[in-house]
Amino acid sequence: MLLLVTTVAACGDGKDDGAKASAPKAPATIPELTKDPLTLSFIWFDWPPAQALETFANAEYKKERPNATIKVNTVPNANWHDAMFTQFAARKTDFDIAILDSQHIGEAVTNGNILDLTDFVKNNIEVTAYNPYLLAAYGQFPQAETGKRDENASLYGLPLLGDTWTMIYRKDLIGDKPPQTWDQMISAAEKCQADNPGVSGLAFHQANGSDAAAVTYNTVNGVYGGNLWDAKNRKIDGVLNDAAGQEAMDVLVNKMKPLTAKGSGNWFIDEVNAAVAQGKACIAFNWIAASGGLLDPKQSTLGTTREQILDKLGFATLPSQKTNLVPLGGMGMHVSAYSAAANQAEALNFMKWFERADVQKKWAAAGGVPSRTDALQSPEFLNAGPFNKVYADSVPRMRDMWNVPEYARLVDIENTNVNAALNGAKKPKDALDDIAKEQQSVLDSSNRKGGGGL
Amino acid sequence: MKDPAPLTTDHPGQVVSATPPAPGRSRRLSDRGLAVAFISPAMLLLLAMSVFPLLWSLYLSFTDYSATRGGPANFIGFGNYTAILTSAQVHTRALTTLIYVIGAVGLQTVLGFGIAYLISRRTHGRGVLTTLFLVPMMLSPVVVGLFWRFMLDAQFGVVNSMLSSVGLGQVEWLTRQRTALISLIVVDTWQWTPFIMLIALAGLSAVPKYLYEAASIDRASEWFRFRTITLPLVWPLLLIAVMFRAIEAFRLFDLVYILTNGGPGVSTETLSFHIYKVAFLGFNTGTASAYGILMVLVVIVLTQFYLRYLNKLKEG
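So the protein lines, in turn, are chains U and R.
Take the first sequence: its position 112, counting from 1, is numbered 160 in the numbering used here, and each next residue is one higher.
Take the second sequence: its position 272, counting from 1, is numbered 1423 in the numbering used here, and each next residue is one higher.
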């Protein structure tokens, strides 16, 4: 048995999100692998990269491990967190590798749901091959400072799919050169909307589900020099809603929202893509990993070939303003603590294989977004899609949200309030102040006797 | 020669079989035992799936237990209950739920009874009409939610398309505070009006014809007949339908989840939806259990008042 010894979870005092981590340790070396047929199961949400991973892994990993079959189970995006953590709660999972959002790591680690891979990584992974922040973002807990990695911190996951937002713009409507600053972007969208009736200036995520509206606000917050929190002192109230935060909310609600389509207040990934594909938006923001479909002539009214579509659509890194920060997306692979020993061993072997330089390049060619620097700079990656260079250029600019155990509640508070502000249910300032106050109370309420979660 | 076995006993109605019991059936299994044997699987299932979880929830509601964090369930008395009852967040959701219940059930009652009344007056095509009206009720709420979400889409939805064809502007059905709640009420009404209609139709069919005949002889007006014969006789049955619908509407979750996800902001978050968030976003199992128990209590207490009123009505 690989992992029977699990230290008792003692989270709940709320003083330090990292000190009480209780994840069981993975072995430093990969145990002997089974020769029997084995299915290695993943859990992810339903989107194109999930299908790409299953196809890629079954084609390539099987060459090395013919007895292993890869199965990527998917659930709707809105149920992704629930699907994983309800199984973790039952201490029994039907998946061996959980593909967690970087922000889920704290919750999974403190509950002892995933393996501590620190020793395994030391012995099996070439850590210097990565941008340190990418390695930290998808695996480190306690959370790394933006742009850095703490080499003494524990690692609980390895990168699977990198991602960030790309700006998608209509070259035929606003010109070949993308706007360089946020102000320029808003002006270009304004002019484009006025010049092209029926086409809205902007399209971006506004829904109150998943992390849609929250990521949108956090992106604008970063660009306008705001901060989400003071991680060291666990302080949100007074930080998020400072002058920079207020300015960001004002820009989002009063300058950007009026340029969006009517009724777009519940748009997320698919709706933004649909608006772009149907030629209904001048400038849009979406995750790179979800943008592949935009080049499919069958799904687009912008052209009958990929080339025709690319004549009209441009992909660029996000404009900067006071800073050049962009949101960190993507996910890492994490081994379930409740998986069978043979499957855990296979999972570790898969992860070691997946992080190899040659495999990362093949993953890039198959449509994935790798994390190793050599793969990111390879022609296989850069030539695979027009937005891949955007990702490569964005890596040094990335900032993540919090990955504390309370993440699910923090993001829900932010999502609902930003969504309320975008749809006129709250004044922008009130919404931001409410976010700060409610999030602070979540961080401070761990010692409360009763009523947790309200 | 022995007398043949009697075919009847002293107790009329009981027939004694002339043949011996079938082999294999234990003589020890009495009728009562047989009854218990047949009932016990269902009882065990009920105990395991309903009674035990309810009691377990009741226990957890007095603790700070979290399903994901594990660890011991520490007893905290009425802490969860006090927090829920004094929470402004809960009050907001309670008000939303109340508006929704009154709006949806009220509308369904008026429409359901109206449709039933009109159908009951038809002599031809009653069966076909009733069946057609029942179709929405047979659909899954998730399916209903999904296709109404498309129909109500502000950009591409058929509802706005129809409105614009008659010169009316686009309405943001699902993303504005007022219209979102109205949309929920409309969709729920579309699906569940047939339920009220069905019960009302049963009540209307049971009204004795001779009462109407007598009223006709007295040259009573249509309105008078409706007010003094139809409504009083159908009213108790209608109230039972209203009670069922109110209980259902009180615990609404699926339509909210699919149509608005509680938005914009939290303006269409119902109590059930809020419990879901408490239970599965923060995994505050103790709080969520107390929240659920309180909802059950509210339903039980209101139902008791309601049933008393119904009994009074019957006695009257």
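All residues carry an ideal CB built from backbone N, CA and C; glycine is no exception.
For residue 384 of chain U, the beta-bridge partners assigned by DSSP are U:162. Under the Cβ distance rule, residue 1247 of chain R does not count among the residues neighbouring chain U, no pair being separated by less than 9 Å.
Beta-bridge annotation (DSSP): residue 1235 of chain R is not paired with any residue. Taking a C-beta distance under 9 Å as the contact criterion, residue 1429 of chain R and residue 1420 of chain R do not qualify as a contact pair.
Near chain U, meaning a CB-to-CB distance below 7 Å, the residues of the stretch 1319-1344 of chain R are 1321, 1323, 1325, 1326, 1327 and 1328.
Looking at U:149, U:176, U:157 and U:225, the one whose alpha-carbon comes closest to that of residue 367 of chain U is U:225. For residue 373 of chain U, same chain residues with a beta-carbon under 7 Å away, outside a window of 5 residues either side, are 270, 271, 445 and 447 in chain order. Judged by DSSP secondary structure, residue 1229 of chain R falls outside any alpha helix (DSSP H); it is assigned neither H nor E. Contacts between residue 457 of chain U and chain R, judged by CB atoms closer than 8 Å, involve 1432 and 1433 in chain order. The three-state reading of DSSP puts residue 349 of chain U in coil, since its state is none of H, G, I, E or B.
Identification of chain R residues near residue 225 of chain U by a Cβ-Cβ cut-off of 7 Å yields none; the smallest Cβ-Cβ distance measures about 29 Å. Three or more pairs of CB atoms, one per stretch, sit closer than 8 Å, so the stretch 417-433 of chain U contacts the stretch 391-405 of chain U. Note that the stretch 1265-1274 of chain R does not touch the stretch 1322-1342 of chain R; fewer than 3 beta-carbon pairs, one per stretch, sit closer than 8 Å. Judged by DSSP secondary structure, residue 122 of chain U falls within the beta strand (DSSP E) whose first and last residues are 116-123. The count of Cβ pairs closer than 8 Å, one atom from the stretch 238-247 of chain U and one from the stretch 315-331 of chain U, reaches three, so the stretches are in contact. DSSP places residue 149 of chain U in no alpha helix (DSSP H) but in the uninterrupted beta strand (DSSP E) bounded by 145-149. Residue environment for residue 379 of chain U: buried (at least 16 other C-beta atoms within 10 angstroms of its C-beta). Residue-level contact check: residue 1235 of chain R touches chain U, since one or more beta carbons of chain U fall below 9 Å from its beta carbon. By the Cβ criterion, the stretch 1453-1466 of chain R is not in contact with the stretch 1274-1291 of chain R, since fewer than three pairs of Cβ atoms, one from each stretch, lie closer than 8 Å.
Note on the stretch 188-237 of chain U: whole alpha helix (DSSP H) runs with a minimum of 4 residues are 219-222, in chain order. Counting C-beta pairs closer than 8 Å gives three or more between the stretch 1396-1416 of chain R and the stretch 472-484 of chain U, which meets the contact rule. Between residue 118 of chain U and residue 110 of chain U, the alpha-carbon positions lie close to 9 Å from each other. Per DSSP, reduced to three states, the secondary structure at residue 178 of chain U is strand. Using a Cβ-Cβ cut-off of 9 Å, residue 1437 of chain R counts as an interface residue toward chain U, since at least one Cβ of chain U sits closer than that to its own. The three-state reading of DSSP puts residue 1201 of chain R in helix, counting H, G and I together.
Taking a cut-off of 8 Å on C-beta distances, the stretch 131-140 of chain U does not touch the stretch 431-446 of chain U, as fewer than three cross pairs fall below it. For the pair residue 79 of chain U and residue 393 of chain U, the CB atoms are nearer than the 9 Å cut-off. In the DSSP assignment, residue 1454 of chain R falls outside any beta strand (DSSP E) and lies within the alpha helix (DSSP H) extending over 1436-1466.
Contact holds between the stretch 1239-1258 of chain R and the stretch 1391-1404 of chain R, because three or more Cβ pairs, one in each stretch, are under 8 Å apart.
For residue 297 of chain U, the closest C-alpha among the options U:120, U:89, U:472 and U:257 is that of U:472. Taking a Cβ-Cβ threshold of 9 Å, none of the residues of chain U is close to residue 1208 of chain R; the smallest such distance is about 15 Å.
Under the DSSP assignment, residue 248 of chain U falls outside any alpha helix (DSSP H), being part of the beta strand (DSSP E) whose first and last residues are 248-251.
The CB of residue 474 of chain U comes closer than 8 Å to the CB of 1416 in chain R, given here in chain order.
The C-alpha of residue 1321 of chain R lies about 8 Å from the C-alpha of residue 1306 of chain R. Neighbourhood of residue 1462 of chain R in chain U, by CB distance below 8 Å: empty, with the nearest CB roughly 38 Å away. Interface annotation, residue 1243 of chain R: not in contact with chain U, CB-CB separation never under 9 Å.
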